[in-house]
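Structure record follows, encoded as structure tokens.
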Amino acid sequence: MKKLVLAGLTALVMVVGALLGAVVPGNAAPSPSITAGQILVKFRDSGAAPGVLRPHGLSDGPGVGSTGAHLITVPAGKELQLVAALSRNPAVEYAEPDFVVTPATNDTYFPSQYALENTAQPFTNTAGTVTVAKGTADADVDAVEAWDVTKGGVTKVAVLDSGVATDNPDINPKVVARANFTTSRNNEDNYGHGTHVAGIVAAVAENGIGVAGVCRDCTILAGKILSDTGMGSSAGLANGINWAVQNGARVINMSLVVGASTTLETAVNNAWNAGVLLVAAAGNGGNTSMNYPAAYPNVIAVGATDNNDKKASFSTYGTWVDVAAPGVSVYSTFPNHKFVLAREYNRSQGYDIGSGTSMSSPIVAAVAALAWSANPGASNWTVRAKVEASTNTIEGIGTFWSHGRVNADLAVHW
249 MKKLVLAGLT ALVMVVGALL GAVVPGNAAP SPSITAGQIL VKFRDSGAAP GVLRPHGLSD
309 GPGVGSTGAH LITVPAGKEL QLVAALSRNP AVEYAEPDFV VTPATNDTYF PSQYALENTA
369 QPFTNTAGTV TVAKGTADAD VDAVEAWDVT KGGVTKVAVL DSGVATDNPD INPKVVARAN
429 FTTSRNNEDN YGHGTHVAGI VAAVAENGIG VAGVCRDCTI LAGKILSDTG MGSSAGLANG
489 INWAVQNGAR VINMSLVVGA STTLETAVNN AWNAGVLLVA AAGNGGNTSM NYPAAYPNVI
549 AVGATDNNDK KASFSTYGTW VDVAAPGVSV YSTFPNHKFV LAREYNRSQG YDIGSGTSMS
609 SPIVAAVAAL AWSANPGASN WTVRAKVEAS TNTIEGIGTF WSHGRVNADL AVHW
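With the sequence shown counted from 1, adding 248 to any position gets you this note's numbering.
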């Protein structure tokens, strides 16, 4: 599988660039890393697998979701050699590396949630040490106005990420199912990224603490794709997508970046064909390189704006990016426990600021969920068209992104 990379969460001091999708220096796209000791193979006839693999000293492995591919264990360091050899066998439809996935971030802090309601307010982080400059009034997604129409009902949004912290009372109650597709020992979020992303989607509103989610009544399916060190694989992500579909997700958010994978694209297409809407972060390279899964046709690719409706300097861009959403200094939930990071967040508070397209993507996923809840009989392609057509006109349409910055209020009026 390809390793997943977080597409955002360059929070405040952002000492952990890999967490939350650090900006890649320069304009060259880095070569995707591969997961050691395993590859993905799809056979034209599954019965042929033993005969194909045996000459290479290999055995058949488990299927990957609904993709038809198998996860094959191979000697570390021989991955590309075996991919090449197996690809030449006519009984093999395709063989590919398993790429590494990485993270591409009356409520107390609601006044600082400019993405939901921007009054040109300045604000500080939970420790009061970082001031975010005054923005532009109404450079937001009009979430408050949308709530007059719908708060999301019980629409299920799958957050395929690093899990959701069980000790944050502002988001844990919204989690209705959990699954672990990593080598980590449990579903707990010991990385932080997933908790931040999930809170952007559906943090409990009007409970006197913390923040409010864009789709405040939505529920969360927490699929752990990124391990406690923030790494995952394309096979894990494909399995997570399949799990989300089976558990009733209407929308799937992927604040992740990974290399192009036939197996992953198959999982995406299967989910789309099952009627699910998929959203993903475009990446934080500050260039036009296409990143996956965002660049697949059946995924809404999301770029990042700031509190002045300008393109974030780190945001990947280009006409392949579909829409934009706020992604600079976005407030949301964090684990309260000590987790595996060089920087310890204000875990006694359980909240912090994150920056990246990882933060923009869940805003769009939540807007899509709100739109769907306002028109429950709509199809996924109809909801996607509505979200894209109801964006606000901002700088960069046709250059940075195909449409504008999402607007929840316009999206819920059918």
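Just so it is clear, CB atoms sit at the ideal spot from N, CA and C, and this is done for glycine as well.
**OP:** Compare the beta carbon distance of Gly-644 and Thr-605 with 8 Å and say whether it is the shorter of the two.
**Re:** No, they are not a contact pair.
Subject >> Reduced DSSP secondary structure (H/G/I, E/B, other) of Ser-650 >> reply: Looking at Ser-650 - three-state DSSP - the assignment turns out to be coil, as it is neither helix nor strand.
**OP:** State yes or no: is the C-beta of Gly-440 within less than 8 Å of the C-beta of Val-449?
**Re:** Contact check for Gly-440 against Val-449 fails: the beta carbons are separated by 8 Å or more.
**OP:** Decide if the stretch 603-619 is in contact with the stretch 544-552; the criterion is three or more beta carbon pairs, one per stretch, under 8 Å apart.
**Re:** Yes, the stretch 603-619 touches the stretch 544-552.
Subject >> Of the residues Arg-433, Ser-432, Asn-420, the one placed nearest Gly-458, counting alpha carbons only >> reply: The residue with the shortest Cα to Cα distance from Gly-458 is Asn-420.
Original post:
What's the C-alpha gap between Glu-327 and Ala-284?
Top reply: A direct Cα-Cα distance of roughly 7 Å separates Glu-327 from Ala-284.
Subject >> For Lys-290, the three-state DSSP class (helix, strand or coil) >> reply: For Lys-290, the secondary structure class from DSSP, reduced to helix, strand or coil, is strand.
Original post:
If you pair each beta-carbon of the stretch 404-411 with each one of the stretch 426-437, do three or more pairs fall below 8 Å?
Top reply: Using a Cβ-Cβ distance cut-off of 8 Å, the stretch 404-411 and the stretch 426-437 are in contact, since at least three pairs of beta carbons, one from each stretch, lie closer than that value.
Subject >> Continuous alpha helix (DSSP H) assignments of at least 4 residues falling wholly in the stretch 372-451 >> reply: 391-394, 441-450, all fully within the stretch 372-451.
Subject >> Extent of the continuous alpha helix (DSSP H) run through Pro-323 >> reply: Pro-323 -> no alpha helix (DSSP H), and no H or E assigned at all.
Original post:
Helix, strand or coil: how does DSSP classify Thr-281 here?
Top reply: The residue you asked about is not Thr; residue 281 is Ser in the sequence shown. Ser-281 falls in the coil class under three-state DSSP.
**OP:** Spell out the partners DSSP gives Tyr-599 in its beta bridges.
**Re:** Looking at the DSSP output, Tyr-599 sits in a beta bridge with Thr-581.
Original post:
Helix, strand or coil for Gly-474 per DSSP?
Top reply: Note that residue 474 is Leu in the sequence shown here, rather than Gly. Correct three-state label for Leu-474: coil.
Subject >> Cβ contact check for the stretch 391-398 and the stretch 481-500: 3 or more pairs under 8 Å >> reply: Here the stretch 391-398 makes no contact with the stretch 481-500; the two share fewer than three CB pairs at distances below 8 Å.
Subject >> Identified DSSP bridge partners for Leu-301 >> reply: The partner list for Leu-301 (beta bridge, DSSP) is empty, contrary to what the question assumes.
**OP:** Label Ser-580 either buried or exposed according to how many other C-beta atoms from any shown protein chain fall within 10 Å of its C-beta, with 16 as the threshold for buried.
**Re:** The residue in question, Ser-580, is buried, as its Cβ has 16 or more Cβ neighbours within 10 Å.
Original post:
Going by beta carbon distance, what residues of the same chain come within less than 6 Å of Arg-292, once the five residues before and after it are set aside?
Top reply: Non-local beta-carbon contacts of Arg-292 in its own chain, meaning distances under 6 Å to residues more than five positions away in sequence, involve Ala-339, Glu-341 in chain order.
Original post:
Between Phe-562 and Asn-556, what straight-line distance do the alpha-carbon atoms span, to the nearest angstrom?
Top reply: Spanning the two alpha carbons is a distance of roughly 15 Å.
**OP:** Count the C-beta pairs between the stretch 564-573 and the stretch 526-539 that are closer than 8 Å, then say yes if the count reaches three, no if not.
**Re:** Short answer: they touch.
Original post:
In the stretch 499-573, which residue ranges form an unbroken alpha helix (DSSP H) of at least 4 residues, counting only runs that do not cross its ends?
Top reply: Within the stretch 499-573, the complete alpha helix (DSSP H) segments at least 4 residues long are 510-521, listed from N- to C-terminus.
**OP:** Could you check the C-alpha separation between Met-538 and Ala-656 for me, to the nearest Å?
**Re:** Take the alpha-carbon of Met-538 and the one of Ala-656: they are about 26 Å apart.
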